[in-house]
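Quick note, the sequence shown lines up with residues 162 to 289 if you use this note's numbering. A short write-up of the structure that comes next.
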Amino acid sequence: MDSPLQAKTYAEADFESAHKQIVSHFETLFPEVTVGGEILDLGCGPGDITFRFAKLFRNANITAIDGAPSMLKLARARAKKEPGTERRVSFIEAMIPSNDIPQKQYDLIISNSLLHHLHNPLVLWETV
Numbered sequence: 162m163d164s165p166l167q168a169k170t171y172a173e174a175d176f177e178s179a180h181k182q183i184v185s186h187f188e189t190l191f192p193e194v195t196v197g198g199e200i201l202d203l204g205c206g207p208g209d210i211t212f213r214f215a216k217l218f219r220n221a222n223i224t225a226i227d228g229a230p231s232m233l234k235l236a237r238a239r240a241k242k243e244p245g246t247e248r249r250v251s252f253i254e255a256m257i258p259s260n261d262i263p264q265k266q267y268d269l270i271i272s273n274s275l276l277h278h279l280h281n282p283l284v285l286w287e288t289v
């Protein structure tokens, strides 16, 4: 989804129920998890899941990766409107695998709607 029109259409699609369920299931399955460190979001798109996890883990920093500049443009614009997230969430344009992804210890790695975009899904697991 490299074109601005594709990114805009995707960002405006109604994923409210599905994305809300992702966070809800995470909270149910991992109630003891409290992340105050680093989160990596692979294939963040326009950032909806990214911002939901930023709200869930208010003390965490999130590195969000996507290969589509048009998606990241929307995510960065949203970051300016989301209270308290602009300093904690950074967006990086990169394809996986990539040396552009900061090599550090992450407390949590998330990814949603990425596998079907990869020619070789194994690269996701190699990146993790």
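Glycine included, every Cβ here is placed at the ideal spot set by N, Cα and C. None of these values were measured; they are calculated from a predicted model.
Grab the span of the alpha helix (DSSP H) containing Thr-189 for me, first residue to last. The residue given as residue 189 occupies position 28 in the sequence shown. Thr-189 -> alpha helix (DSSP H) spans 177–190.
Would you tell me roughly how many angstroms separate the C-alpha atoms of Gly-204 and Val-194, rounded to the nearest one? Walking along the sequence shown from the start, residue 204 turns up at place 43. Walking along the sequence shown from the start, residue 194 turns up at place 33. The alpha-carbon atoms of Gly-204 and Val-194 are separated by roughly 22 Å.
Could you tell me the alpha carbon to alpha carbon distance between Thr-246 and Arg-213, rounded to whole angstroms? Within the sequence shown, numbered from 1, the residue matching residue 246 stands at position 85. Within the sequence shown, numbered from 1, the residue matching residue 213 stands at position 52. Rounded to whole angstroms, Thr-246 to Arg-213 spans 10 Å at the Cα level.
Keeping to the same chain, check which residues put their C-beta closer than 6 Å to that of Glu-199; ignore five residues upstream and five downstream. Here residue 199 refers to the residue found at position 38 when the sequence shown is read from its first residue. So the qualifying residues of the chain are Asn-222, Tyr-267 and Asp-268.
Within 10 angstroms of its Cβ, does Asp-163 collect 16 or more other Cβ (buried), or is it exposed? Here the question's residue 163 lines up with position 2 in the sequence shown. Within 10 angstroms of the beta-carbon of Asp-163 lie fewer than 16 other beta-carbons, which makes it exposed.
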